[in-house]
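Peer 1: Same order as they appear, the protein sequences are chains P and F. For the first sequence, our numbering assigns the number 13 to the initial residue and increments by one for each residue that follows. For the second sequence, our numbering assigns the number 102 to the initial residue and increments by one for each residue that follows. Structure below; questions to follow.
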Amino acid sequence: MRQNDDLRKEVEQALSEVIDPETGLSIMRMDLIHDVDVQSTGNVSLIFRPSSPVCPMAYALANSIKSKIGNLNGVNSVSIKVENFYRSEHLEELLNG
Amino acid sequence: MKELVIISGKGGTGKTTLAASFAYLAENKVLADCDVDAADLHILVHPEVLHEETFRGGVKACIESSRCVACGLCRDACRFAAISQDFEVSHFLCEGCAVCFHVCPEDAVILEEPVNGRWFISETRFGPMVHAALLPGEENSGKLVALVRNQARVLATKQGRGLILVDGAPGVGCPVISSVTGADHVVIVTEPTLSGLHDMDRALELVRGFRIPASVIVNKADINPDVADSIEKRAGESGAKVLGRIPYDSAVIKAIVQCRCVAEESYGPASTAIRHVWDRLEADVL
Chain P
13 MRQNDDLRKE VEQALSEVID PETGLSIMRM DLIHDVDVQS TGNVSLIFRP
63 SSPVCPMAYA LANSIKSKIG NLNGVNSVSI KVENFYRSEH LEELLNG
Chain F
102 MKELVIISGK GGTGKTTLAA SFAYLAENKV LADCDVDAAD LHILVHPEVL
152 HEETFRGGVK ACIESSRCVA CGLCRDACRF AAISQDFEVS HFLCEGCAVC
202 FHVCPEDAVI LEEPVNGRWF ISETRFGPMV HAALLPGEEN SGKLVALVRN
252 QARVLATKQG RGLILVDGAP GVGCPVISSV TGADHVVIVT EPTLSGLHDM
302 DRALELVRGF RIPASVIVNK ADINPDVADS IEKRAGESGA KVLGRIPYDS
352 AVIKAIVQCR CVAEESYGPA STAIRHVWDR LEADVL
């Protein structure tokens, strides 16, 4: 099994490749991702805070985050908590349900 | 952390002049100049640029002459008359809709991402500032505003600053919407003219749509007290607090000519009123 730190670096690299189409910046530079936790079992969890409570790209970005991380070798599950978004419960249900 | 956005509805009411004075009076803040179509807060706060990047806000079509067979399908499909008889695309007329790209049977149209502007992180006389400037004739300022606001927030979080002071754009269009969405409070600076009253109404309607609390400042209030009364009445009817009136004062012009803000220059009528307004804003909103 790979070291936990290696997988964590890959997760962070994958997240930095998710680009917000409005600003052209990565979601990591925009500080939209918090509390990334990578377990040795391959379970990844994080908090996604869209740049605005009414961010029109929140669904698309969350989907990109989920698939980018989910496609990494060694990742078994991805759990995303959504904060600061007016439909966070609905989005979480779609992502994690 | 609170985000306070200053807008005006009508242009030329003194929004940036007040924003600069608030920047002088406020503590522990990050400034954001979101009037990216005509940025000018930097003139009063004297930034030293620490970081600079280009901004690319959309695509423009370009026709490769070596592949083009001059069939005319792209020109017929273009709704912006951006393609000339010689099959050259006008950079300023092209809206980047990509219809030409899709209808071209020869794959002669390519979509490029030109630089539309630049954005900056600077240190100013009054603290850090994120600001930007679109290049002449460029569009998509709403996207650049979103970027400036986001990077101001990132900077404020990193430096532990409790306030983001945003100088928004005039009007009620895309850059203004992008300036106010998700903000904690909006201050509308207006003037006692009929267009000032009318455009304040539109700005109030806009922020109501986003359910953002708003307050109003009447600048140059004594040039028409009757309309100033109407503005205050209308603001009250719309649920917006009136923070105060600022009188016309030639000291404001003298300060601007010296690239300074009036709050740091004098204790004349305008400066005193601005300080009172800021005190109220701090007490009631921040």
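All C-beta atoms, glycine included, are put in the ideal place defined by N, C-alpha and C.
1. Between the stretch 36 to 49 of chain P and chain F, which residues of the former have a C-beta closer than 8 angstroms to a C-beta of the latter?
2. So what's residue 317 of chain F in DSSP terms, helix, strand or just coil?
3. Please list, in chain order, the residues of the stretch 250 to 266 of chain F that have any C-beta partner in chain P closer than 9 angstroms.
4. Contact between the stretch 178 to 186 of chain F and the stretch 142 to 151 of chain F: three or more CB pairs below 8 angstroms?
5. Select from F:237, F:174, F:284 the residue whose C-alpha is nearest the C-alpha of residue 313 of chain F.
6. Are there any heavy atoms of the ligand SAH lying less than 6 angstroms away from the beta-carbon of residue 233 of chain F, as far as the coordinates show?
7. Answer yes if the stretch 245 to 261 of chain F comes into contact with the stretch 272 to 291 of chain F, meaning at least three C-beta pairs across the two stretches below 8 angstroms, and no otherwise.
8. Give the residues of chain F in contact with residue 66 of chain P, contact being defined as C-beta atoms less than 7 angstroms apart.
9. Using the beta-carbon of each residue, which ones in chain P are nearer than 7 angstroms to residue 244 of chain F?
10. If the criterion is Cβ atoms closer than 7 angstroms, does the pair residue 175 of chain F and residue 201 of chain F meet it?
11. Check the C-beta distance from residue 329 of chain F over to residue 348 of chain F and give it rounded, since I have them as a contact under 8 angstroms.
12. Exposed or buried, which one is residue 360 of chain F when buried takes at least 16 other CB atoms within 10 Å?
13. Going along the stretch 145 to 168 of chain F in order, which residues come within less than 8 angstroms of chain P, judged by CB to CB distance?
14. From the beta carbon of residue 63 of chain P, is the nearest beta carbon of chain F less than 7 angstroms away?
15. Comparing alpha-carbon positions, which option in F:228, F:109, F:210 lies nearest residue 129 of chain F?
16. With distances taken Cα to Cα, identify the nearest neighbour of residue 365 of chain F among F:127, F:109, F:111.
17. Going by DSSP in three states, residue 230 of chain F sits in which element: helix, strand or coil?
18. Residue 219 of chain F bridges to which residues according to DSSP?
19. Under the three-state reduction of DSSP, which class applies to residue 132 of chain F: helix, strand or coil?
20. Taking the alpha-carbon of residue 220 of chain F as reference, which of P:24, P:37, P:19 has the nearest alpha-carbon?
21. Leaving aside the five residues before and after residue 99 of chain P along the sequence, list all residues of the same chain whose C-beta is less than 6 angstroms from its C-beta, in chain order.
22. Please report the distance separating the alpha-carbon of residue 62 of chain P from that of residue 72 of chain P.
23. Going along chain P in order, which residues have a C-beta closer than 8 angstroms to the C-beta of residue 248 of chain F?
24. Would you check if the stretch 116 to 125 of chain F and the stretch 292 to 304 of chain F touch, i.e. whether three or more CB-CB distances between them fall below 8 angstroms?
Peer 2: This is what the structure gives:
1. 36, 37, 41, 42, 43
2. strand
3. 250, 251, 252, 254, 255, 258, 259
4. no
5. F:284
6. The ligand content of the structure shown is nil, which means the ligand SAH is not present either.
7. yes
8. 282, 283
9. 34, 35
10. yes
11. The Cβ separation is near 10 angstroms, so there is no contact.
12. exposed
13. 156, 157, 158
14. yes
15. F:228
16. F:127
17. strand
18. F:155, F:234
19. strand
20. P:37
21. none
22. 11 angstroms
23. 34, 35, 36, 37
24. no
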